[in-house]
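Chains A and B, in that order, are what the protein sequence lines are. Each residue of the first sequence is one higher than the one before, starting from 93 at the first, in the working numbering. Each residue of the second sequence is one higher than the one before, starting from 3 at the first, in the working numbering. Glycine residues also receive a C-beta, built at the ideal position from the N, C-alpha and C atoms. In what follows, a single structure is set out as structure tokens and then discussed.
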Amino acid sequence: MLRRVLVGVAVVAAAGVFGWLVMSALGRVLRTPAAPTPDPATEAPAVAPPPGAEPAAGPRIKATLFFGSEDGHRLVGVEQDVPLAEGTIAQARALVEALLSTAPTPPLVRTIPEGTTLRGIYVSDQQEVFVDLDAVVRIQHTGGSMQELLTVYSLVNTVLVNLPTASAVQILIDGREADTLAGHVDLRRPLRKNEALIVTPVPSQSPS
Amino acid sequence: MQRVRLRVGTVLTCLILALGGASEGRAQTGTSLTLLSREGRRPVPITVINNQEYVAVDDLAGPFGTTAREAAGGLTITARGRTIVVTADQPVVSAAGRLVSLPAPALRRDNRWLVPVEFLPRALSLVLDTRLDWRRPTRLLVVGDLRVPRVVARTESGATSASITFEISPVTPTRVSAETGRLVVQFEADALDLLVPPLPQQPFLSAVALVDPGTAVAITTGPRFGSFRSSSSQPDASSSRLTIDLMPSTTDLAGAAAAAAPPPAPPPVDPGFAIPASPATGVRTVVIDPGHGGDELGAQGPRGALEKEITLAVSRRLRTLIESRLGMRVFLTREDDRTISHDDRSAFANNHQADLFLSIHANAAVRPNIKGAEVYYLSVERADAEARKRAEDAGVALPTLGGGTRAIDLILWETAQSRYLEQSAALASAVQESLRARVEMSPRAVQQAPFRVLVGANMPSALVEIGYVSNPEQEQQLTSADYQNKVAEALLDAIVKFRAQLERTAP
Numbered sequence: 093m094l095r096r097v098l099v100g101v102a103v104v105a106a107a108g109v110f111g112w113l114v115m116s117a118l119g120r121v122l123r124t125p126a127a128p129t130p131d132p133a134t135e136a137p138a139v140a141p142p143p144g145a146e147p148a149a150g151p152r153i154k155a156t157l158f159f160g161s162e163d164g165h166r167l168v169g170v171e172q173d174v175p176l177a178e179g180t181i182a183q184a185r186a187l188v189e190a191l192l193s194t195a196p197t198p199p200l201v202r203t204i205p206e207g208t209t210l211r212g213i214y215v216s217d218q219q220e221v222f223v224d225l226d227a228v229v230r231i232q233h234t235g236g237s238m239q240e241l242l243t244v245y246s247l248v249n250t251v252l253v254n255l256p257t258a259s260a261v262q263i264l265i266d267g268r269e270a271d272t273l274a275g276h277v278d279l280r281r282p283l284r285k286n287e288a289l290i291v292t293p294v295p296s297q298s299p300s
Numbered sequence: 003m004q005r006v007r008l009r010v011g012t013v014l015t016c017l018i019l020a021l022g023g024a025s026e027g028r029a030q031t032g033t034s035l036t037l038l039s040r041e042g043r044r045p046v047p048i049t050v051i052n053n054q055e056y057v058a059v060d061d062l063a064g065p066f067g068t069t070a071r072e073a074a075g076g077l078t079i080t081a082r083g084r085t086i087v088v089t090a091d092q093p094v095v096s097a098a099g100r101l102v103s104l105p106a107p108a109l110r111r112d113n114r115w116l117v118p119v120e121f122l123p124r125a126l127s128l129v130l131d132t133r134l135d136w137r138r139p140t141r142l143l144v145v146g147d148l149r150v151p152r153v154v155a156r157t158e159s160g161a162t163s164a165s166i167t168f169e170i171s172p173v174t175p176t177r178v179s180a181e182t183g184r185l186v187v188q189f190e191a192d193a194l195d196l197l198v199p200p201l202p203q204q205p206f207l208s209a210v211a212l213v214d215p216g217t218a219v220a221i222t223t224g225p226r227f228g229s230f231r232s233s234s235s236q237p238d239a240s241s242s243r244l245t246i247d248l249m250p251s252t253t254d255l256a257g258a259a260a261a262a263a264p265p266p267a268p269p270p271v272d273p274g275f276a277i278p279a280s281p282a283t284g285v286r287t288v289v290i291d292p293g294h295g296g297d298e299l300g301a302q303g304p305r306g307a308l309e310k311e312i313t314l315a316v317s318r319r320l321r322t323l324i325e326s327r328l329g330m331r332v333f334l335t336r337e338d339d340r341t342i343s344h345d346d347r348s349a350f351a352n353n354h355q356a357d358l359f360l361s362i363h364a365n366a367a368v369r370p371n372i373k374g375a376e377v378y379y380l381s382v383e384r385a386d387a388e389a390r391k392r393a394e395d396a397g398v399a400l401p402t403l404g405g406g407t408r409a410i411d412l413i414l415w416e417t418a419q420s421r422y423l424e425q426s427a428a429l430a431s432a433v434q435e436s437l438r439a440r441v442e443m444s445p446r447a448v449q450q451a452p453f454r455v456l457v458g459a460n461m462p463s464a465l466v467e468i469g470y471v472s473n474p475e476q477e478q479q480l481t482s483a484d485y486q487n488k489v490a491e492a493l494l495d496a497i498v499k500f501r502a503q504l505e506r507t508a509p
């Protein structure tokens, strides 16, 4: 009996220590989705961007980023240099960060509210990419079905057009699965590329 | 483990003892929350720091049987053999191996560990494997699967009568009985989450309060009260409404009754008053869904027009038109300004066996010049279509009691709409055509999109964006009776066309 109690205590203590280690490692990162693997190496910027994180130099790739069209009903693909990164997670992060930080040349418009930050990227075994944004994307959103479609699919298309290995993209908000972003688009599952929204790409776009 | 169970048992016994007179009052002061379990009510102190409500970890030991151990700047809380690791000044904890975010950091003050109240539903519930439902307005923490409806009382008082209305969510049956000096409303529930606004002095009623054992509300009647009349309605899928008219003891009952009619209630649907719909038609019941509502404002115009108000106004106009001209049954998913989940909206349409579902919205864009109406029907992702096919092909074998399985036919809630895509496309096209004859359309008038509210609707469905509230000119139109009527006329016309089309294609 005593032995069983001791074993129980040991198991509880081990679980505690394990939980403690996990938490210290991931810092402020919130609940992770069940299947996807978190990317501890790139989580650090979520707390404070370490010096040298800015990819000033290094190899770059030509990627297509999607912005809102002049008529407000389409996505326009714009070619831009994005840092080359190792692996799906790091490359998806580079793509989404480029999309979030780029002010497109008028008459194209941003589809994602300014100030939205990327909290993390996860990739599941099925190569579904989970893009975890902070709540600014919801709070600052203008609302409306059309604008919400453009916001969601500029992200989805930017990841999927440039990462052929990725199968689908699911948007998380503040580390959680979201019902919708602004009351319309179903975000509860990974979304596939939406080609119906895309206008023929226009070449050249300089980063701001 | 056995010991933990034993301890929980002891704790519950204590809760029964603590019940007593506690059910009458409710701590509104912010000094404690009320823990409500199957065994009764029990206060837990609250400390407010930086506008955030905290509970002390050692106060949780009693009600939940938790133990806590400090180590190296952290605290390990154990319950039912599972642990939560809390770090000082961190807004995140690890509960049973999962990371859980909190709205504010855990604090260590005066040798006590304090955690935000949200720690209870978000983290503690995980390790206890018990639902903990935090009701902030009434500072109630509901433990387990108790039926604790939110009941909001509202009174209206006139010269010759008064009325009291209870908005009850979720739907809960009630019974009203008269006792000496008071009326008692008994709810079929385990407890009530009651909010009563301050009552002005009035001649018909003097007080509204919970009575023991906390599942009934007593209305103390005033000197002029003579008789009452109660009526129930169900304005939407997730709530019910009980209205009690209090009438004077002497004369003028007719006048009193007229004055006491609940003002926000819509005209009741009387199936006998309009031209009877032909039973052969495929459309007899229509559910209209005014988009957004309550906390969810939807889009906003530059001059402040709110999408949620526009959608409700247009939906009401459309209902009046359909009822009076087509004689169909029409239900709105919400009658007033309230928050409703997407699932409740489509469930409402399914429960009313609607033949058609229209969700009404107003659009928004970053550029103010963008305008025009649009119609959407559901687009289905490939994976969903496959899941639907699998479910339909195979049926589902459910394990039965005592071993073995039983095959059942199953329509996946998540794929209900995918069976109606063709009809929904026809509906969207009819709506587009009718709208185009009356209002300006956007360059992409009909589109498919994975819209949340359409997914679970088990009937032909479309979402109509009646204009861009972000466009100054359209904002003004959308709030005008003229434009709202045009849209309602167009939708009525579309329903007629769609019905005719169904009849033509019917076998």
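Rounded Cβ spacing between residue i and residue j (contact assumed at less than 8 Å)
| i | j | result |
| --- | --- | --- |
| residue 190 of chain A | residue 157 of chain A | 6 Å |
| residue 144 of chain B | residue 38 of chain B | 5 Å |
| residue 235 of chain B | residue 243 of chain B | 5 Å |
| residue 515 of chain B | residue 336 of chain B | The question about residue 515 of chain B has no answer here: the residues shown for chain B are numbered 3 through 509. |
| residue 341 of chain B | residue 296 of chain B | 3 Å |
| residue 167 of chain A | residue 252 of chain A | Not a contact, Cβ separation roughly 12 Å. |
| residue 54 of chain B | residue 118 of chain B | 6 Å |
| residue 89 of chain B | residue 78 of chain B | Actually they do not touch by this definition, with Cβ atoms about 10 Å apart. |
| residue 312 of chain B | residue 481 of chain B | 6 Å |
| residue 494 of chain B | residue 212 of chain B | With 8 Å as the limit, residue 494 of chain B and residue 212 of chain B do not qualify as a contact, their Cβ atoms being about 46 Å apart. |
| residue 213 of chain A | residue 263 of chain A | About 11 Å; that fails the 8 Å criterion. |
| residue 455 of chain B | residue 364 of chain B | About 15 Å; that fails the 8 Å criterion. |
Simplified DSSP state of residue i, which is helix, strand or coil
| i | result |
| --- | --- |
| residue 342 of chain B | coil |
| residue 285 of chain A | coil |
| residue 162 of chain A | coil |
| residue 506 of chain B | helix |
| residue 462 of chain B | coil |
| residue 226 of chain B | coil |
| residue 172 of chain B | coil |
| residue 60 of chain A | The structure shown does not extend to residue 60 of chain A, since chain A is modelled only from 93 to 300, so the question has no answer here. |
| residue 274 of chain A | coil |
| residue 423 of chain B | helix |
| residue 469 of chain B | strand |
| residue 265 of chain A | strand |
| residue 259 of chain A | coil |
| residue 255 of chain B | Residue placement at residue 255 of chain B cannot be trusted, given a pLDDT of 43 that sits under 50; the coordinates are not used to answer. |
| residue 434 of chain B | helix |
| residue 42 of chain B | strand |
| residue 91 of chain B | coil |
| residue 484 of chain B | helix |
| residue 445 of chain B | strand |
Contact test: residue i Cβ vs the ligand SAM heavy atom, cutoff 7 Å
| i | result |
| --- | --- |
| residue 127 of chain B | Among the components modelled here there is no ligand, and therefore nothing to report on the ligand SAM. |
For this session: Output, in sequence order along the chain, the residues in the segment 451 to 465 of chain B whose CB is closer than 8 Å to any CB in chain A.
Result: From the segment 451 to 465 of chain B, only 451, 452, 453, 454, 455, 457, 465 have a Cβ closer than 8 Å to chain A.
Problem set entry | Start-end ranges of the beta strand (DSSP E) lying completely within the segment 177 to 223 of chain B, minimum 3 residues | Within the segment 177 to 223 of chain B, the complete beta strand (DSSP E) segments of 3 residues or longer fall at 184 to 189, 195 to 197, 207 to 213, 218 to 223, listed in chain order.
Exercise. Between the segment 168 to 184 of chain B and the segment 63 to 70 of chain B, are three or more C-beta pairs nearer than 8 Å?
Worked result: Touching, no, given that fewer than three Cβ pairs across the two stretches are closer than 8 Å.
Problem set entry | Contact list for the segment 199 to 224 of chain A against chain B, Cβ threshold 9 Å | If the cut-off is 9 Å between Cβ atoms, the segment 199 to 224 of chain A has 199, 201, 202, 203 near chain B.
Problem set entry | Complete runs of the alpha helix (DSSP H) confined to the segment 170 to 218 of chain A [at least 4 residues] | Complete alpha helix (DSSP H) runs here, min 4: 179 to 193.
Problem set entry | Positions along the segment 225 to 240 of chain A whose CB lies within less than 7 Å of some CB in chain B | Here the close residues are 234, 235, 236, 237, 238, 239.
Problem set entry | Touch test, the segment 282 to 295 of chain B against the segment 349 to 360 of chain B, Cβ-Cβ under 8 Å, three pairs minimum | Yes, the segment 282 to 295 of chain B is in contact with the segment 349 to 360 of chain B.
Problem set entry | Meets three-Cβ-pair contact criterion under 8 Å: the segment 366 to 383 of chain B and the segment 226 to 243 of chain A | Yes, the segment 366 to 383 of chain B touches the segment 226 to 243 of chain A.
For this session: Entirely within the segment 280 to 351 of chain B and at least 3 residues each: give me those beta strand (DSSP E) ranges in chain order.
Result: Counting only unbroken stretches of 3 or more residues, the beta strand (DSSP E) elements lying wholly within the segment 280 to 351 of chain B are 287 to 292, 331 to 334, in sequence order.
Exercise. Would the segment 183 to 198 of chain A and the segment 245 to 253 of chain A be scored as touching if the rule is three or more Cβ pairs under 8 Å?
Worked result: Cβ pair count under 8 Å is three or more, so yes.
Exercise. Which residues, in order along the segment 270 to 282 of chain A, keep a beta-carbon less than 9 Å from a beta-carbon of chain B?
Worked result: Within the segment 270 to 282 of chain A, 271, 272, 274, 275, 276, 277, 278, 279, 280, 281, 282 place their CB atoms closer than 9 Å to a CB of chain B, listed in sequence order.
Exercise. Hey, is the segment 207 to 216 of chain A in contact with the segment 224 to 234 of chain A, meaning 3+ C-beta pairs nearer than 8 Å?
Worked result: Contact between the segment 207 to 216 of chain A and the segment 224 to 234 of chain A is present, because at least three Cβ pairs lie under 8 Å.
Problem set entry | Three or more C-beta pairs below 8 Å linking the segment 141 to 157 of chain B and the segment 186 to 204 of chain B | Judged by Cβ distances under 8 Å, the segment 141 to 157 of chain B makes contact with the segment 186 to 204 of chain B, as three or more pairs qualify.
Exercise. Taking any Cβ of chain A, which residues in the segment 354 to 375 of chain B have a Cβ under 7 Å from it, in chain order?
Worked result: The segment 354 to 375 of chain B vs chain A, Cβ under 7 Å: 363, 365, 366, 367, 368, 369, 372.
Problem set entry | Under 9 Å (Cβ pairs) to chain B, residues found in the segment 257 to 271 of chain A | Those would be 260, 266, 267, 268, 271, in chain order.
For this session: Would you mind listing the alpha helix (DSSP H) stretches within the segment 348 to 372 of chain B that are 4+ residues and don't spill past its ends, in chain order?
Result: Those alpha helix (DSSP H) runs which fall completely within the segment 348 to 372 of chain B and span 4+ residues do not exist here.
Problem set entry | Contact residues within the segment 156 to 186 of chain A, judged by C-beta distance below 9 Å to chain B | Considering only beta carbons, the part of the segment 156 to 186 of chain A lying closer than 9 Å to chain B consists of 160, 162, 163, 164, 165, 166, in chain order.
Exercise. How about the segment 489 to 504 of chain B and the segment 316 to 327 of chain B: do they share at least three Cβ pairs that are nearer than 8 Å?
Worked result: Yes: the two stretches touch, three or more of their Cβ pairs being nearer than 8 Å.
Exercise. Given a limit of 9 Å on CB to CB distance, which residues of the segment 421 to 445 of chain B reach chain A?
Worked result: Result list: 444, 445.
Exercise. For the 8 Å Cβ check, are there 3 or more pairs between the segment 267 to 280 of chain A and the segment 179 to 187 of chain A?
Worked result: Three or more beta-carbon pairs separated by less than 8 Å are not found between the segment 267 to 280 of chain A and the segment 179 to 187 of chain A, which leaves the two stretches without contact.
For this session: Could you tell me whether the segment 91 to 108 of chain B touches the segment 118 to 134 of chain B, using the rule of 3 or more Cβ pairs below 8 Å?
Result: Enough Cβ pairs lie closer than 8 Å, so yes.
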